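S.K.:
Residue numbers (the UniProt record's numbering): 1 to 234.
1. Determine which residues share a DSSP beta bridge with residue 184 and list them.
2. On a Cα-Cα basis, can you pick out the residue from 18, 152, 100 and 102 that is closest to residue 80?
3. Determine the burial state of residue 108: buried for a count of at least 16 other Cβ atoms within 10 Å of its Cβ, exposed for fewer.
4. Quick check: what's the CA-CA separation for residue 190 versus residue 211?
5. Of the residues 71, 67 and 117, which one's Cα is nearest the Cα of residue 275?
6. State buried or exposed for residue 104, treating a residue as buried only when at least 16 other CB atoms are found within 10 Å of its CB.
7. Would you mind giving the Cβ-Cβ distance between residue 124 and residue 195, rounded to the nearest angstrom? I have them listed as a contact below 8 Å.
8. Quick check on DSSP: helix, strand or coil for residue 134?
9. Buried or exposed: which applies to residue 233, given that a residue is buried once 16 or more other Cβ atoms fall within 10 Å of its Cβ?
10. Rounded to the nearest angstrom, what separates residue 135 and residue 26 at their Cα positions?
11. Give, in chain order, every unbroken run of the alpha helix (DSSP H) that is at least 4 residues long and sits entirely within the UniProt domain "RNase III" (10-137).
12. Could you compute how far the alpha carbon of residue 52 sits from the alpha carbon of residue 201?
13. Using the beta-carbon count (16 or more within 10 Å), is residue 68 buried or exposed?
14. Whole angstroms are fine: how far does the CA of residue 218 sit from the CA of residue 188?
15. In the DSSP assignment, the beta strand (DSSP E) including residue 210 goes from what residue to what residue?
16. Rounded to whole angstroms, what's the CA-CA distance from residue 156 to residue 30? Just pull it up for me.
17. How would you label residue 221, buried or exposed, when you count the other beta carbons within 10 angstroms and need 16 or more for buried?
18. Could you tell me which of 205, 33 and 165 sits nearest to residue 122, measuring between CA atoms?
19. From this set, 44, 167, 73 and 101, which residue's C-alpha is nearest residue 7's C-alpha?
20. Smallest Cα separation from residue 150: which of 20, 44, 84 and 228?
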């Protein structure tokens with residue numbers, strides 16, 4: 001991507017998120033993937049911002065869920081929260097706000113399709129939320145979140161519905177299929193901050209993969225992905 005095209009994409013992104021950054025270096029860092037420089041030089045990338053953004057996102061999503069359903073119990077809210085903050089949801093938001101064209105990636109990462117990777121887009125979305133929070137405060141970050149996530153809240157298969165695992169079980173049983181099976185595909189990261197990838201298998205359908213910071217969260221994410229793929233699910 002040429003410099004002019006990317007700068008236009010950055011300007012378009014700022015317009016869509018409704019905030020003009022005072023700290024331009026911070027904004028640029030939020031959009032910079034760790035591949036930039038291909039290890040040849042030290043570049044300030046977005047991984048540390050992603051760490052903060054994950055926490056800000058969880059706070060804003062939890063706050064919004066409580067406001068929308070003041071009577072809901074923790075057991076109901078937890079899977080709804082997981083559906084709103086998982087990597088797939090963040091990647092969908094990234095695509096809706098046009099984040100991909102504004103990203104800085106190495107040439108090699110771009111060639112292998114990293115610009116359209118759910119993982120890269122989801123992480124960058126979290127970094128962007130952190131950058132907005134640092135640059136303008138929680139109120140502006142909240143305004144961005146409410147607008148950017150409105151389609152996620154409107155999706156009947158995710159935050160307002162039942163636990164995705166329960167929905168998927170009912171969906172399978174309603175078609176006379178065996179219960180879904182969940183398998184851990186991988187567990188990475190240190191013990192204090194693990195990351196799980198879990199597959200869900202429903203007889204007769206391709207498996208789907210979910211990601212989460214616990215096995216339970218990853219299972220719910222996988223179940224949600226299966227439900228979303230079956231939407232139009234007759």
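Every residue gets a Cβ at the ideal spot worked out from N, C-alpha and C, and that includes glycine.
Source: prediction; values computed, not measured.
M.R.: If we stick to the structure as given:
1. Walking along the chain shown from the start, residue 184 turns up at place 184. Looking at the DSSP output, residue 184 bridges to 198.
2. Here residue 80 refers to the residue found at position 80 when the chain shown is read from its first residue. The candidate whose alpha carbon is nearest that of residue 80 is 152.
3. In the chain shown, the residue the question calls residue 108 occupies position 108. An exposed status is given to residue 108, since fewer than 16 other beta-carbon atoms sit within 10 Å of its beta-carbon.
4. Taking the first residue of the chain shown as 1, we reach residue 190 at position 190. Taking the first residue of the chain shown as 1, we reach residue 211 at position 211. Each residue's Cα considered, the two are about 16 Å apart.
5. Only positions 1 to 234 of the chain appear in the structure, and residue 275 is not among them; the question remains open.
6. By 1-based counting over the chain shown, the position of residue 104 is 104. Taking every protein chain shown into account, the CB of residue 104 has 16 or more other CB atoms within 10 angstroms, so this residue is buried.
7. Start at 1 with the first residue of the chain shown, and residue 124 comes out as number 124. Start at 1 with the first residue of the chain shown, and residue 195 comes out as number 195. No, residue 124 and residue 195 are not in contact; Cβ-Cβ is about 17 Å, not under 8 Å.
8. Sequence index remark: in the chain shown, residue 134 carries index 134 (1-based). The answer is helix: DSSP assigns residue 134 an H, G or I state.
9. By 1-based counting over the chain shown, the position of residue 233 is 233. The predicted position of residue 233 is uncertain, since its pLDDT is 37 and thus under 50; a value taken from the coordinates is nonetheless stated next. That one is exposed.
10. Here residue 135 corresponds to residue number 135 of the chain shown, with the count starting at 1. Here residue 26 corresponds to residue number 26 of the chain shown, with the count starting at 1. Residue 135 and residue 26: Cα-Cα distance of roughly 8 Å.
11. Within the UniProt domain "RNase III" (10-137), the complete alpha helix (DSSP H) runs of at least 4 residues are 24-30, 47-68, 74-85, 87-97, 107-111 and 118-136.
12. Sequence index remark: in the chain shown, residue 52 carries index 52 (1-based). Sequence index remark: in the chain shown, residue 201 carries index 201 (1-based). Straight-line spacing of the CA atoms in residue 52 and residue 201 works out to 33 Å.
13. Counted from its first residue, the chain shown places residue 68 at position 68. Exposed, since its Cβ has fewer than 16 Cβ neighbours within 10 Å.
14. In the chain shown, the residue the question calls residue 188 occupies position 188. In the chain shown, the residue the question calls residue 218 occupies position 218. So the two alpha carbons sit approximately 13 Å from each other.
15. In the chain shown, residue 210 corresponds to position 210, counting from 1. In this chain, the beta strand (DSSP E) harbouring residue 210 covers 208-212.
16. Position 156 of the chain shown, counted from the start, is the residue given in the question as residue 156. Position 30 of the chain shown, counted from the start, is the residue given in the question as residue 30. For residue 156, the predicted structure reports a pLDDT of 40, less than 50, and the residue's modelled location is therefore unreliable. A value from the coordinates is still provided. Their Cα atoms are separated by approximately 31 Å.
17. Mapped onto the chain shown, residue 221 falls at position 221. Classification for residue 221: buried.
18. Along the chain shown, read from residue 1 onward, the residue named residue 122 stands at position 122. Per the Cα distances, 33.
19. The sequence position of residue 7 within the chain shown is 7, counting from 1. Minimum Cα distance to residue 7 is reached at 101.
20. Here residue 150 refers to the residue found at position 150 of the chain shown. Ranking the options by Cα distance to residue 150, first place goes to 84.
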